[in-house]
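First comes the structure, then the notes that go with it.
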Amino acid sequence: MIIYLSIYCKEACTCSLFHSNFTVIIFLSPLIEMIQGDTVTQPSNSTLVKETESTTIHCKYDGTSSYLFWYIQDPNQAPQLILSDYSQEDIPPWFRNRFSASHDKTEKTFHLNIIAAVLSDSATYFCALRLTL
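Going by the numbering used here, 332 is the number at position 63 of the sequence shown; the sequence numbering is gapless.
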């Protein structure tokens, strides 16, 4: 299952080739990890977001793992760690400003929050229970 998020301009974008509204699709992939029976899924199918608006990408997990991660993957690139539940030391500073995660251990969720979405946020997003790269 591939989940996608579309971000588009509120008004006509100057970056459009045809001077009309510009739409970009962000693919959200449910990276399903199995760690001694633990699983993680991204349950929603799609989300539509206007440029400059905020959104949340949902992630649910089963099991006892307390280490959770979010990755971003640009086309033709390797996935890159953008958030973890235990440390922000290795997280690129440009992600710290607009990206955050909320971890609810009771509900077993680890949602990714994106503030003020921009067209360059177009990518595939992965939720994982452990460092996968």
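Glycine is no exception: its CB is placed at the ideal position from the N, C-alpha and C atoms. For clarity, every value in this text was computed on a predicted model and none was experimentally measured.
At a Cβ-Cβ threshold of 8 Å, His380 and Ala392 do not count as neighbours.
Tyr394 has its alpha-carbon roughly 12 Å from the corresponding atom of Thr310. Distance between Tyr336 and Asn345, taken at the CA atoms: about 27 Å. Restricting attention to beta strand (DSSP E) runs no shorter than 3 residues, the segment 338-365 encloses them at 338-342 and 349-353, ordered along the chain. In this structure, the CA atom of Glu322 is about 28 Å from the CA atom of Leu398. Apart from sequence neighbours up to five positions away, the residues of its chain that approach Asp307 with a beta-carbon distance below 8 Å are Tyr330, Asp331, Gly332, Thr333, Ser334 and Leu398, ordered along the chain. For Pro361, there are no CB contacts under 6 Å within the same chain when 5 residues up- and downstream are skipped. In the three-state reduction of the DSSP assignment, Ser371 falls in the strand class. DSSP places Tyr336 in no beta strand (DSSP E); its state is neither H nor E.
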